[in-house]
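Just below is one structure, and these are the notes that go with it.
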Amino acid sequence: MLKNNFLYGTQNQQIYKLAKKKKFALPAINVSGTNTINSVLETASELNSPVIIQFSSGGSQFIAGKGMPNNGFNSSISGSIAGAYHIHKVIDEYNSKVVIHTDHCSKKLLPWIDGLLEYGKDFYKKNGYPLFSSHMIDLSEEPIEE
15 MLKNNFLYGT QNQQIYKLAK KKKFALPAIN VSGTNTINSV LETASELNSP VIIQFSSGGS
75 QFIAGKGMPN NGFNSSISGS IAGAYHIHKV IDEYNSKVVI HTDHCSKKLL PWIDGLLEYG
135 KDFYKKNGYP LFSSHMIDLS EEPIEE
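Mapping of the sequence shown onto the working numbering: position 130 corresponds to residue 144, and the numbering continues sequentially without gaps.
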């Protein structure tokens, strides 16, 4: 059913429909370095389970290095990109089905997602597929009027 290990677009939707139909949950794990990324991929492979690997702004900053200035969310953007590249590079060796996702972006973190979307446009043009499967915008802290 799923041809690729990196799930996006139609395949992303197929895995959610399959999970609903077969009544299983997709684990979604936030990562903060290649060690946690590798642990998730290894476990998903051993269990033959698809998985969602999530990047938060703070976890992504940690991937880039906490000593790197985060002016304009540059280190959060760089860390997310570096983590996603790592997944793309090793995913086939683990033979894991993976959704690469950003987690809970509040209004104050929108520049982080903007940077990822901008980078993602160029990535897509070069590769013909996206760097990330999906992004989550969470505006639940904002007044309903906004």
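Think of the CB as a built atom: it goes at the ideal place given N, C-alpha and C, for glycine as much as any other residue.
Query - Candidates D128, E160 and H115: closest to G23 by CA position - result: H115
Requested in this report: Could you pull the start and end residues of the beta strand (DSSP E) that V112 belongs to?
Outcome: V112 to C119
Query - DSSP state of I67 mapped onto helix, strand, coil - result: strand
Report task. Take I101 and list the residues in its own chain whose beta-carbon comes closer than 7 Å to its own, dropping the five residues that flank it on each side. Result -> I51, I67, V112 and I114
Report task. Could you check if N49 is buried or exposed, using at least 16 other CB atoms within 10 Å of its CB as the buried criterion? Result -> exposed
Requested in this report: Whole angstroms is fine: what's the gap from F76's alpha carbon to Y108's?
Outcome: 24 Å
Query - Alpha carbon of N141 to alpha carbon of N85, nearest angstrom - result: 29 Å
Report task. Please say whether I105 and L55 have beta carbons closer to each other than 8 Å? Result -> yes
Report task. Provide the residue span of the beta strand (DSSP E) that contains A42, from first to last. Result -> A42 to N44
Query raised in the report: Any heavy atom of the ligand NAD closer than 7 Å to the Cβ of I95?
Result: The ligand NAD is not part of the structure shown, which contains no ligands of any sort.
Query - DSSP-derived helix/strand/coil call for I105 - result: helix
Query raised in the report: Taking all protein chains shown into account, do 16 or more other C-beta atoms lie within 10 angstroms of the C-beta of P157, making it buried, or fewer, making it exposed?
Result: exposed
Query raised in the report: Out of curiosity, what's the CA-to-CA distance linking P41 and T57?
Result: 11 Å
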